[in-house]
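S.K.:
2 protein chains.
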Amino acid sequence: MKPLHQQIRDDIEQQIRSGALKPGDRIPFEHELMAQYGVSRMTVNKALTPLDEAGLIERRKRAGTFVRLPRLDSTVLDIPDIQHEITARGETYRFELLSYTIHKANSDEERELAGDGGKILVLTGLHFASAKPLAFERRLVNLDAVPEAETIDFTRQSPGHWLLGVVPWTHVENQISAMVAEAQTARHLRIDKGGACLVVDRRTWREKARVTTVKQIFDGSAYRLIARFDHG
Amino acid sequence: MKPLHQQIRDDIEQQIRSGALKPGDRIPFEHELMAQYGVSRMTVNKALTPLDEAGLIERRKRAGTFVRLPRLDSTVLDIPDIQHEITARGETYRFELLSYTIHKANSDEERELAGDGGKILVLTGLHFASAKPLAFERRLVNLDAVPEAETIDFTRQSPGHWLLGVVPWTHVENQISAMVAEAQTARHLRIDKGGACLVVDRRTWREKARVTTVKQIFDGSAYRLIARFDHG
DNA sequence: TAAGGCATAATGTATAGACATATTGAACGC
DNA sequence: GCGTTCAATATGTCTATACATTATGCCTTA
Numbered sequence: 090m091k092p093l094h095q096q097i098r099d100d101i102e103q104q105i106r107s108g109a110l111k112p113g114d115r116i117p118f119e120h121e122l123m124a125q126y127g128v129s130r131m132t133v134n135k136a137l138t139p140l141d142e143a144g145l146i147e148r149r150k151r152a153g154t155f156v157r158l159p160r161l162d163s164t165v166l167d168i169p170d171i172q173h174e175i176t177a178r179g180e181t182y183r184f185e186l187l188s189y190t191i192h193k194a195n196s197d198e199e200r201e202l203a204g205d206g207g208k209i210l211v212l213t214g215l216h217f218a219s220a221k222p223l224a225f226e227r228r229l230v231n232l233d234a235v236p237e238a239e240t241i242d243f244t245r246q247s248p249g250h251w252l253l254g255v256v257p258w259t260h261v262e263n264q265i266s267a268m269v270a271e272a273q274t275a276r277h278l279r280i281d282k283g284g285a286c287l288v289v290d291r292r293t294w295r296e297k298a299r300v301t302t303v304k305q306i307f308d309g310s311a312y313r314l315i316a317r318f319d320h321g
Numbered sequence: 090m091k092p093l094h095q096q097i098r099d100d101i102e103q104q105i106r107s108g109a110l111k112p113g114d115r116i117p118f119e120h121e122l123m124a125q126y127g128v129s130r131m132t133v134n135k136a137l138t139p140l141d142e143a144g145l146i147e148r149r150k151r152a153g154t155f156v157r158l159p160r161l162d163s164t165v166l167d168i169p170d171i172q173h174e175i176t177a178r179g180e181t182y183r184f185e186l187l188s189y190t191i192h193k194a195n196s197d198e199e200r201e202l203a204g205d206g207g208k209i210l211v212l213t214g215l216h217f218a219s220a221k222p223l224a225f226e227r228r229l230v231n232l233d234a235v236p237e238a239e240t241i242d243f244t245r246q247s248p249g250h251w252l253l254g255v256v257p258w259t260h261v262e263n264q265i266s267a268m269v270a271e272a273q274t275a276r277h278l279r280i281d282k283g284g285a286c287l288v289v290d291r292r293t294w295r296e297k298a299r300v301t302t303v304k305q306i307f308d309g310s311a312y313r314l315i316a317r318f319d320h321g
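In structure tokens, the structure reads:
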């Protein structure tokens, strides 16, 4: 048996999603719901609070509780870790390191990550799904934020996968764009020059500190970002 | 002043994110936290419950409460409504209808949406940011699920924006990919043939019923999906 | 009539106590 | 030794109550 507060919550949520309760409609007062379901006010409150936090309802003192206007501005999708995604669909994953250097920040991009003269790790590599190159990656790691990274062998291990497990991130910014493969990218991904590529640029923070910056270029004909989202 | 339960919650969350509490570590028992913060058990519980739901901690009867292993598999991003996004960055939005037909489903794609012989609305159009065409859209709407759509004038209004406000969706599936513009797309978006485009394919459900299918093709040089995500 | 004050009614937060439920670990019996 | 039982313990849920907070709308007053 589900807890009472969850039954009430599910009940109200269902009424909203089905359209029985429309945006702007007032939901019964807490004391009315108490009588209706035969529970205490704390239980009603525990049912309504998550609906408020999820943005489905709005609660105003003295006035009551109302169904919110639907949020127009977003849907949500997952961007999985490449390694995880490849193994999840039953293919074997392999990372191949192409280049690896450690030096002091001296470009704008590097200074933005690690500050002027900060120590950074720059590496490029390829992600393979079975025998096929799926993505080219160029990654910068702020070694002041993640000093352990200097001791890890990335010739086989994906740096992104390692970082996700070791460094707890608090903020991520993704940019997804499309570009046409130039010569070097085409060679790496074994596609024709002029083919379409899907590009993910990702910047990661831990609290205030920048952790890593990565550009991942996917073969547009072989890769799609697939995302499902269930409301509620 | 923040509520007590939130202070406690923030405090514990901070300890986890900073690394002071590591995965597997036991968090003090509720009765210990009661003494530590000088609050009742309900308040402690109200602080811990959201951390549990967010997946940061795991609670086991008799054993106690523990810091969870970090989830490796996903990060989350928003895909905004085009119209909302354009107006949000201060440009004027315009939708231009290119074609509009209503007929019975007769292709595989149409049958998948509305069933065999179901009534569907098919339209194509362009989204403009100020004077520039930003995206080409081809949309199928299941008129059995959204009969009102037949009465709406889409010559100026974006069908996606209208649908979002009118039809509460429960499930969305997005596919993001990259392609090279062929002749017609290039002409519509006023870009060179062979330029890169970002493509979003979206399918929307309301409960079990399919609502709409849309393919949006963006000028890859002018558009990026930008997504930020804050942990917790 | 308009500005301001005030009682009222709703949600917001917190307490103490009760019983339910699940799991651990020790005591017990074979 | 090994499995079983059982009490202890921590979380899960719910109640009844109390006081805080805030916006409403009436009522008073200039």
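Those protein sequences? They're chains A and B, same order as listed. So the first sequence is numbered by my numbering: it starts at 90 and just counts up by one. So the second sequence is numbered by my numbering: it starts at 90 and just counts up by one. C-beta: ideal position from N, C-alpha, C; glycine also.
1) Would the beta-carbon of A/Ala194 fall within 7 Å of that of A/Ile209?
2) Could you run through the region 237-270 of chain B and flag, in chain order, every residue whose CB is less than 8 Å away from some CB of chain A?
3) Whole-angstrom Cβ separation of B/Asp233 and B/Ala203, contact assumed at under 8 Å?
4) Given this structure, state the Cα-to-Cα distance separating A/Ala220 from B/Ile97, to the nearest angstrom.
5) For a minimum of 4 consecutive residues, which ranges assigned as the alpha helix (DSSP H) are wholly contained in the region 216-240 of chain B?
6) Only counting the same chain, and skipping five residues up and downstream in sequence, which positions put a Cβ closer than 6 Å to that of A/Arg148?
7) Using 10 angstroms around the beta-carbon of B/Gly108, count the other beta-carbons present and answer buried if the total reaches 16, otherwise exposed.
8) Is the distance from the Cβ of B/Arg295 to the Cβ of B/Asn263 below 7 Å?
9) Can you grab the Cα-Cα spacing for the pair B/Leu229 / B/Leu187, in whole Å?
10) How far does the alpha helix (DSSP H) with A/Gln96 in it reach, from first residue to last?
11) What are the start and end residues of each continuous alpha helix (DSSP H) run of 4 or more residues lying completely inside the region 177-221 of chain B, in chain order?
12) Counting only the same chain and skipping the five closest in sequence on each side, list residues whose C-beta sits under 8 Å from that of A/Gln273.
13) Measure from the alpha carbon of A/His94 to the alpha carbon of each residue in A/Arg200, A/Leu145, A/Phe307 and A/Pro139, then state which is nearest.
14) Taking only beta-carbon atoms, is B/Arg148 less than 7 Å away from chain A?
15) For a contact defined as C-beta to C-beta under 8 Å, what are the partners of B/Leu287 on chain A?
16) Got a sec? Which residues, its chain only, sit under 8 Å from A/Ala224 by beta carbon, not counting five neighbours each side?
17) Just to make sure I have the definition right: I need the residues of chain A whose C-beta is within less than 9 Å of the C-beta of B/Gly113. Which are they?
18) Taking only the alpha-carbon atoms, compute the straight-line gap between B/Pro222 and B/Gly249 and give it to the nearest angstrom.
19) Should A/Thr267 go down as buried or exposed, given a rule of 16 or more other Cβ atoms within 10 Å for buried?
20) I want to verify the contact list: residues of chain A whose CB lies under 7 Å from the CB of B/Gly179, in sequence order.
21) Under the rule that 16 or more other beta-carbon atoms within 10 Å means buried, what is A/Ile146, buried or exposed?
22) Can you check whether the CB of B/Val303 is closer than 7 Å to the CB of A/Ala285?
23) Starting from the N-terminal side, write out each stretch of the alpha helix (DSSP H) that is 4 residues or longer and does not extend beyond the region 248-281 of chain B.
24) Rounded to whole angstroms, what is the Cα-Cα separation between B/Asn231 and A/Lys111?
M.R.: This is what the structure holds:
1) yes
2) Listed by position along the chain: His250, Leu253, Gly254, Pro257, Trp258, Thr259, His260, Val261, Glu262, Asn263, Gln264, Ile265, Ser266, Ala267, Met268 and Val269.
3) Going by Cβ atoms, the distance from B/Asp233 to B/Ala203 rounds to 6 Å, so yes, they are a contact pair.
4) 50 Å
5) Listed in chain order, there is nothing to give.
6) Asp141 and Thr154
7) exposed
8) no
9) 14 Å
10) Counting along the chain, A/Gln96 sits inside the alpha helix (DSSP H) bounded by residues Leu93 to Ser107.
11) If we require 4 residues or more, the alpha helix (DSSP H) runs fully inside the region 177-221 of chain B come out as 197-203.
12) Closer than 8 Å at the Cβ level, and outside the excluded window around A/Gln273, lies no residue.
13) A/Pro139
14) no
15) Ile265, Ser266, Ala267 and Leu287
16) Excluding residues within five positions, the ones whose Cβ falls inside 8 Å are Ile171, Leu215, His216, Leu278, Gln305, Ile306, Phe307, Asp308 and Tyr312.
17) Residues of chain A passing the Cβ test: none, with the nearest at roughly 14 Å.
18) 16 Å
19) The amino acid at residue 267 of chain A is misidentified as Thr; the sequence shows Ala. Label assigned to A/Ala267: buried.
20) Per Cβ cutoff of 7 Å: no residues; B/Gly179 is ~15 Å from chain A at best.
21) buried
22) no
23) 248-255 and 272-278
24) 22 Å
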